[in-house]
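**Student:**
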Amino acid sequence: MMQSKSIAILIADDDAEDRMLLKEALEENHLKNTLHFVENGEELMDYLHHRGKYADKEKYPLPGLILLDLNMPKKDGREALKEIKQDADLKLLPVVVLTTSKAEEDIIRTYDLGVSSFITKPVTFASLVDMTKTLTEYWFELVQLPNSSHK
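Position one of the sequence shown corresponds to residue 2 (my numbering), numbered consecutively onward.
1) Who are the near neighbours of residue 51 in its chain, counting only those whose CB is closer than 7 angstroms to its CB and skipping five residues on each side?
2) Around the Cβ of residue 53, are there at least 16 other Cβ atoms within 10 angstroms (buried) or fewer (exposed)?
3) Taking only the alpha-carbon atoms, compute the straight-line gap between residue 114 and residue 28 and give it to the nearest angstrom.
4) Identify which residue in 9, 18, 13, 33 has its Cα closest to the Cα of residue 125.
5) Identify whether residue 85 lies in helix, strand or coil by the three-state DSSP scheme.
6) For a test of the three-state rule: what should DSSP assign to residue 153, helix, strand or coil?
7) Going by DSSP, what residue range makes up the alpha helix (DSSP H) through residue 49?
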């Protein structure tokens with residue numbers, strides 16, 4: 002049943018501390034998934050299209066789940082989400098917004114753009130560990146995801 006071993010998680014967040022805390026929270030849950038990190042929307046799109054330093058598809062596989070921060074430099078999460086959902090090859094990828102924003106317009110806009118879930122970042126590390134446990138159980142044990150080799 003556990004299919005999580007082979008599914009990569011791509012985390013797009015410009016905050017180094019948030020990336021580290023997410024990584025530690027996921028490790029705390031003994032998650033076997035490979036984690037990849039990008040720091041802005043441009044890097045996210047480069048990764049997804051295997052451009053530049055992300056050209057190696059073995060090293061940078063298409064993720065089974067994207068955790069997306071909204072407020073990032075160069076290209077923010079909203080713009081990246083819109084691009085992903087308009088791309089025939091990427092639109093089926095589950096994208097979970099994980100952000101400090103609680104703004105109603107962000108929630109409405111991201112769902113309108115096709116986000117899978119919108120989660121406000123927990124304030125404490127303990128609640129981050131709980132949230133990542135629930136999130137990964139949901140996405141990797143409950144949900145039936147499309148096979149990424151459908152192309």
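Cβ atoms here follow ideal geometry from the backbone N, Cα and C, with glycine treated the same way. For clarity, every value in this text was computed on a predicted model and none was experimentally measured.
**Tutor:** With the given structure in hand:
1) 58, 61
2) exposed
3) 30 angstroms
4) 18
5) helix
6) The shown model of the chain, from 2 to 152, leaves out residue 153, and the question about it has no answer.
7) 42–49
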